[in-house]
Amino acid sequence: MTTDPFPERFSNLPPYAFPRLRELLDHHAPGGDVIHMTIGEPKHAFPAWVSDILAENVGEFGKYPPNEGSPELRTAITDWFARRYGVTLDPETQVMALNGTREGLCNVGMALCPEVKNGQRPVVLMPNPFYQVYMISAISVGAEPVFAPATEDNGHLPDFAGLPADVLDRAAMLYICSPANPQGTVASADYWRDLIALAEKHDIRILADECYSEIYRNDPPTGAMEIAQEMGAHPERVVVFHSLSKRSNLPGLRSGFAAGGPECIKRMKQLRAYSGAPLPLPLQRVAEKVWADEDHVIENRRLYEEKFQIADEILGNLPGYTSPEAGFFLWLKVENGEAAALKLWQETGVRVLPGAYLSRPNAEGISPGDNYIRVALVASKDEVRRGLTALRACLYD
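Encoded structure:
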């Protein structure tokens with residue numbers, strides 16, 4: 001072909017984090033037994049009864065699944081949401097099942113982002129560092145992604161209000177992750193109030209990625225929708241995204257949901273009817289039961305708390321070390337993230353992710369992740385202890 005068949009807006013995308021990591025590390029031999037501390041894939045056991053429910057419903061693989069989720073699943077989700085956040089949702093109009101929340105976080109731009117905002121190209125706001133799907137969603141619909149740094153100086157929560165007024169006036173959507181990936185910071189009720197007030201003022205739709213909401217150390221993280229309801233915000237102001245991947249150690253189930261105002265969910269369902277891949281019915285039956293059970297979630301939190309304590313024990317006296325409030329990542333300050341990850345791999349076999357791979361540089365070529373590494377605490381306690389001990393000896397002692 002004589003012309004590039006691909007849209008120009010995709011021509012300068014950075015490689016995704018994990019192929020980029022393989023390019024950095026895989027040409028070098030590991031310096032010891034390999035310990036994976038990169039990807040956030042939960043390793044704790046999911047509930048034993050999941051297999052039984054799947055077997056009981058295996059015959060439903062012979063049916064087309066409901067596009068938006070079965071009535072039973074949507075009711076199980078709204079029941080959980082009411083217990084967790086004190087917010088009542090209509091299962092018919094305010095919630096839809098997702099084939100993993102990444103599907104929803106990516107496709108929401110096509111469903112909800114306008115082509116023009118105040119007569120100009122729309123902006124989609126997002127934190128930096130960030131989950132890269134946010135940026136792809138914005139780019140895919142021709143919007144301009146604008147990044148608000150989430151740094152040590154602002155408590156690792158982005159200051160969207162500090163962006164220029166003309167950017168805020170063009171902003172159509174805003175992604176925010178709480179608990180934050182990678183820093184583990186939790187947005188307080190006051191932070192949510194300020195953010196929702198800003199969104200109301202500039203007519204911005206908030207897309208709240210709350211996938212880590214059930215992995216916390218002390219108090220349950222406040223949710224965006226409970227504060228929006230308390231404030232009497234516009235009913236279409238907030239869309240939230242949740243998942244069973246982290247909460248219930250079921251990343252392979254690919255089960256999540258989006259919840260929001262009836263018009264938002266209607267538009268997302270309409271797009272899903274054409275482009276989506278609904279969750280097979282036997283997997284929906286599993287998800288229905290998993291959302292209804294909290295015992296395994298409490299145990300999951302206990303296991304993560306043990307690993308938080310190991311991290312505090314091994315790294316707690318390092319200058320700048322911050323013990324995370326929630327999630328299951330450590331966000332560790334180093335001189336150079338890429339150099340640290342390569343050194344750690346070559347000398348110990350411990351595999352971590354450079355923070356720059358989760359960030360975008362500013363006009364001066366500097367990103368807020370350059371001097372960090374992300375370390376996932378998903379392995380067994382013994383592996384976490386060995387990995388963090390090796391990490392400290394290699395990079396800090």
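Note that full-length UniProt numbering has the sequence shown beginning at 1, numbered continuously upward.
The C-beta atom is built at its ideal place from N, Cα and C for all residues, glycine as well.
Since the structure is predicted, the reported quantities are computational estimates derived from the model, not experimental observations.
- Secondary structure of Leu-332 (DSSP, three-state): strand.
- In the DSSP assignment, Met-110 falls within the unbroken alpha helix (DSSP H) covering 101–112.
- Counting every other CB atom within 10 Å of its CB across the protein chains shown gives Asn-371 a total of 16 or more, marking it as buried.
- DSSP places Asn-300 in the uninterrupted alpha helix (DSSP H) bounded by 295–315.
- By DSSP's assignment, Asp-209 forms a beta bridge with Cys-177, Phe-241.
- DSSP places Ala-138 inside the alpha helix (DSSP H), whose first and last residues are 133–140.
- Contact annotation: Gly-31 and Thr-322 have beta-carbon atoms that are not nearer than 8 Å.
- CA-CA distance, Val-116 to Pro-127, rounds to 22 Å.
- Burial is judged here by how many other beta carbons sit within 10 angstroms of a residue's own beta carbon; Glu-263 has fewer than 16 and is exposed.
- The Cβ neighbour count for Gly-232, taken over all protein chains shown within 10 Å, is under 16; the residue is labelled exposed.
- With a beta-carbon spacing of about 7 Å, Ser-248 and Val-297 fall inside the 8 Å limit used to define contacts.
- Straight through space, the alpha carbons of Val-375 and Leu-332 are spaced by roughly 8 Å.
- In chain order, Pro-179, Lys-246, Arg-247, Asn-300, Arg-301, Tyr-304, Ala-326, Gly-327, Phe-328 place their CB closer than 8 Å to the CB of Ile-215, counting only its own chain and leaving out the 5 sequence neighbours on each side.
- Using a C-beta cut-off of 8 Å, the segment 136–147 makes contact with the segment 102–115, since at least three inter-stretch Cβ pairs fall below that distance.
- Below 8 Å, enough C-beta pairs join the segment 344–360 and the segment 120–135 to call them touching: three or more.
- In this structure Pro-66 touches Pro-278 by the C-beta definition: roughly 7 Å separates them, less than 8 Å.
- Contact between Arg-74 and Ala-111 does not hold, since the beta-carbon distance rounds to 18 Å and is not under 8 Å.
- One alpha carbon belongs to Glu-103, the other to Asp-33, and they sit about 35 Å apart.
- In the pairwise beta carbon analysis, the segment 340–347 is classified as not touching the segment 199–209: fewer than three pairs are separated by under 8 Å.
- In the DSSP assignment, Glu-144 forms a beta bridge with Val-123.
- Val-95 is bridged by DSSP to Ala-259.
- With a 10 Å radius around the Cβ and a threshold of 16 neighbouring Cβ atoms, Lys-381 comes out exposed.
- Around the Cβ of Glu-306, a 10 Å sphere holds fewer than 16 other Cβ atoms; the residue is exposed.
- Residue environment for Thr-88: exposed (fewer than 16 other C-beta atoms within 10 angstroms of its C-beta).
- In this structure, the beta-carbon distance from Pro-114 to Ala-45 does not fall below 8 Å.
- Looking only at Gln-229, Arg-385, Val-352, the smallest Cα-Cα distance to Glu-313 is reached by Arg-385.
- Between the alpha carbons of Ala-379 and Leu-391 lies a distance of about 15 Å.
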